[in-house]
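Number of protein chains: 2
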Amino acid sequence: MGDPTRTLELLWRDSLPSQAKRGPKQALTVTAVVEAAVALADAQGLDAVTMRALAGKLGIAPMALYTYVPGRAELIDVMLDTLYAGMPRRKPKGRDWRSRLEAVAHDNRALFTRHPWLADVSTTRPPLGPGQMAKYEYELQALEGVGLDDVAQDAALTFVLGFVESSARAASDQRAARLESQMDDGAWWETNAPLLARMSDPERYPIASRVGSAAGKAHGAAYDPDHAYAFGLERVLDGLAALIERPRAPRGPARRPARKRGA
Amino acid sequence: MGDPTRTLELLWRDSLPSQAKRGPKQALTVTAVVEAAVALADAQGLDAVTMRALAGKLGIAPMALYTYVPGRAELIDVMLDTLYAGMPRRKPKGRDWRSRLEAVAHDNRALFTRHPWLADVSTTRPPLGPGQMAKYEYELQALEGVGLDDVAQDAALTFVLGFVESSARAASDQRAARLESQMDDGAWWETNAPLLARMSDPERYPIASRVGSAAGKAHGAAYDPDHAYAFGLERVLDGLAALIERPRAPRGPARRPARKRGA
DNA sequence: CGCAACTACGTACGTCGTACGTAGATTGGG
DNA sequence: CCCAATCTACGTACGACGTACGTAGTTGCG
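The listed protein sequences derive, respectively, from chains C and D.
If you number the first sequence the way the working numbering does, the last residue is 264 and the count never jumps.
If you number the second sequence the way the working numbering does, the last residue is 264 and the count never jumps.
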């Protein structure tokens, strides 16, 4: 990422008092630049967002971009926050925490689906912009009033979002591998099966062979992102349920004894 | 990553029948190249593993590397598989599945700690090398005999490993941000607090302000990777427990009705 | 022995982000 | 009102990077 302070000013540019400036007016706006960059990334991936390509799309010289944005890293920061700002904000407060959290997960997954290049960006610790802020506020609502203290609330949300990002990244990795090798999973397997069969005999790897081929047959591929997401989300929510719906005990150990935290 | 078939041959190079070759013998071995690359990545990060730098370290010309490895992408594939091959393989079969899985998670986390550049690599779907294979076989043992069918066994392991990678990546992102901004969390906060205070008033973002500052105070930073890992791992295991230790019911719905899989 | 195959490597190309300097437009202060 | 301060836009250029390509030299098989 880029220089944090400079990025902060950029992110909050709309809320910031814009003092009158001396020189000529800018032909474009930061927002327009960011939107063009997002469109470019959506269409051709993050690698296609080069300063030259973006400038060409906007009809300006490459170096003119630097009057809008300090550098490529900061541009990407703003792209991310812009997307966050545009996420849906429903009001599903009436239902149970589980469906609320599920909705949060789905919305985030949808964002990764719509903008696959997000998988190439560090979304865990982006600079704190207005979009991120509003997103955080909104998503925390899903966990309000379920009996978690503030620290646990934050940790739980981080946990859910981390899972969604992780599965989105796995899906993106698979997509990239498929694109690169120019063949689908079936063709890949056909090409490499002979070699693999000779290498990975079921005697050396009995469980791996059994489980691996079972999973492969079930999904029609070595890895099924949709199934991994559906499976994982259930586990994530069940895991949080064990924390939230733990039998009320004002003090003392819960059903299971407390567990030491490993290194 | 690189060309799959060529990479496979490279990965299984030790098990493959090496037919006698015509020309002069190679001065180095693929293994030596890979080990040097790992050392370089450990010391200075994955970006520092340039073909020129690696060649310099090995005392050969940059282009000579291409006689050992088809390209940089394939080199990284082999680096990853080499690390997998060297992971510890204990025999904790006696204990319960939970501590077995916990050990698997810890071992993987330790690998990310020892080699932080792994966070920059797609570890979810690497080419199937001997290291990956042995790792898969070993880690599946933790889930043998707990009553999961083969497909669920694979999904459960993927789930656990995905979590570990996700938290490792978050930790790595934070480390990178710290390095780049040249200041620790305290200094960053001091610098940017005035700006942030003006932007993010607690009236617009009440929950975020409350929870965010509580989490910040508890960890002494905006994000605590160790806590996120400890918290998350408990949830991961609890979530799997809900699947594994589900009350035996030969057929029909479990305690909760089956859930539809979202898009 | 001769030739095919292989290693090692030097040069060079096309890509990238962006530092730097400059020309021209704009506007606030005297 | 004017000019100096200040900002925009941009051209050129630098130092990375991965790696395509061609060549010289070495080895071992037939």
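Positions of the beta carbon are idealized from the N, C-alpha and C atoms, including for glycine.
Of all the options the options, which has the alpha carbon lying nearest to the alpha carbon of residue i?
i	options	result
D/Arg-90	D/Leu-81, D/Ala-106, D/Met-80	D/Ala-106
D/Asp-48	D/Ser-210, D/Ala-223, D/Ala-177, D/Arg-247	D/Ala-177
C/Ala-216	D/Leu-197, D/Leu-144, D/Asp-150	D/Asp-150
C/Ala-28	C/Thr-68, C/Met-52, C/Pro-203	C/Thr-68
C/Gly-148	C/Gly-213, C/Pro-203, C/Gly-57, C/Leu-244	C/Leu-244
D/Arg-115	D/Ala-40, D/Leu-241, D/Ala-194	D/Ala-40
C/Phe-113	C/Pro-127, C/Ser-167, C/Glu-103	C/Ser-167
D/Asp-101	D/Ala-222, D/Gly-146, D/Met-200, D/Arg-247	Note on identity: in this sequence residue 101 of chain D is Arg, with Asp being the wrong assignment. Among D/Ala-222, D/Gly-146, D/Met-200, D/Arg-247, the Cα nearest to that of D/Arg-101 is on D/Gly-146.
D/Ala-120	D/Ala-231, D/Ala-223, D/Ala-172	D/Ala-172
D/Asp-43	D/Leu-197, D/Ile-77, D/Ala-86, D/Gly-221	D/Ile-77
C/Trp-13	D/Ala-135, D/Arg-73, D/Leu-196	D/Leu-196
D/Leu-234	C/Lys-92, C/Val-70, C/Pro-25, C/Phe-164	C/Phe-164
C/Ala-33	C/Gln-45, C/Pro-18, C/Val-70	C/Val-70
C/Lys-88	C/Ile-61, C/Gln-133, C/Ala-242	This sequence places Met at residue 88 of chain C; Lys is not what is there. Ranking C/Ile-61, C/Gln-133, C/Ala-242 by Cα distance to C/Met-88 puts C/Gln-133 first.
What's the call for residue i, buried or exposed, on a 16-neighbour Cβ count within 10 Å?
i	result
C/Thr-30	exposed
D/Trp-118	buried
C/Pro-254	Reliability of the predicted coordinates at C/Pro-254 is poor, the pLDDT of 46 falling under 50, and the value obtained from them is presented with this limitation in mind. Exposed: under 16 other Cβ atoms inside 10 Å.
D/Ala-63	Residue identity differs from the one stated: residue 63 of chain D is Pro in this sequence, not Ala. With fewer than 16 Cβ atoms within 10 Å of its Cβ, D/Pro-63 is classed as exposed.
C/Pro-131	buried
C/Asp-1	One cannot answer for residue 1 of chain C here, as it falls past the ends of chain C, which runs 2 to 264.
D/Gln-20	exposed
D/Leu-180	exposed
D/Ala-153	buried
C/Pro-226	buried
D/Ser-201	buried
D/Ser-182	buried
D/Asp-1	No answer is possible for residue 1 of chain D: the residues shown for chain D start at 2 and end at 264.
D/Ala-194	exposed
C/Glu-138	buried
D/Pro-127	buried
D/Arg-45	A small fix is needed here, since residue 45 of chain D is Gln in this sequence, not Arg. Result: exposed.
C/Gly-240	buried
D/Gly-156	The amino acid occupying residue 156 of chain D in the given sequence is Ala; Gly does not appear at that position. Label assigned to D/Ala-156: buried.
D/Pro-258	Note that D/Pro-258 has pLDDT 48, beneath the 50 cutoff, so the model's placement of it is unreliable and the number below is only indicative. Exposed, by the Cβ-count rule.
Given a cut-off of 8 Å on the beta-carbon distance, is the pair residue i and residue j in contact?
i	j	result
D/Arg-170	C/Val-237	no
D/Leu-66	D/Leu-55	yes
D/Ala-143	D/Trp-98	yes
D/Glu-140	D/Leu-158	yes
D/Val-79	D/Val-50	no
C/Ala-223	C/Asp-186	yes
C/Tyr-206	C/Arg-110	no
D/Ser-214	C/Asp-174	no
C/Arg-7	C/Glu-103	no
C/Ala-38	C/Ala-86	no
D/Phe-265	C/Phe-232	For chain D, the structure presents residues 2 to 264; residue 265 of chain D sits outside this window and is missing.
C/Met-52	C/Arg-23	no
Give the secondary structure of residue i by DSSP, where H, G and I count as helix, E and B as strand, and everything else as coil.
i	result
C/Asp-227	helix
D/Glu-145	coil
C/Lys-265	No information on residue 265 of chain C is available, as it lies outside the stretch 2 to 264 that chain C covers here.
C/Gln-175	helix
D/Gly-240	helix
D/Asp-15	coil
D/Met-200	helix
D/Ala-62	coil
D/Val-212	helix
D/Glu-246	coil
C/Leu-29	coil
C/Thr-51	coil
D/Pro-70	At residue 70 of chain D the sequence reads Val, which differs from the Pro that was named. Here D/Val-70 sits in coil by DSSP.
D/Arg-205	coil
C/Asp-186	helix
C/Ala-222	coil
D/Gly-46	coil
D/Ala-259	Any answer about D/Ala-259 is weak, because its pLDDT of 44 lies below 50 and its placement is not dependable; what the coordinates show is given next. Coil at D/Ala-259, not helix or strand.
C/Met-2	With a pLDDT of only 47 at C/Met-2, under 50, the local geometry of the prediction cannot be trusted, and the value read off the model is given with reservation. Three-state result, C/Met-2: coil.
Can residue i be considered in contact with the ligand GDP, in the sense that its beta carbon sits closer than 7 Å to one or more heavy atoms?
i	result
C/Gly-148	Here there are no bound small molecules, and the ligand GDP is not part of this structure.
| message | So within the stretch 82-159 of chain C, which uninterrupted alpha helix (DSSP H) runs reach at least 4 residues, ignoring any that extend past its ends? | response | 98-115, 131-142
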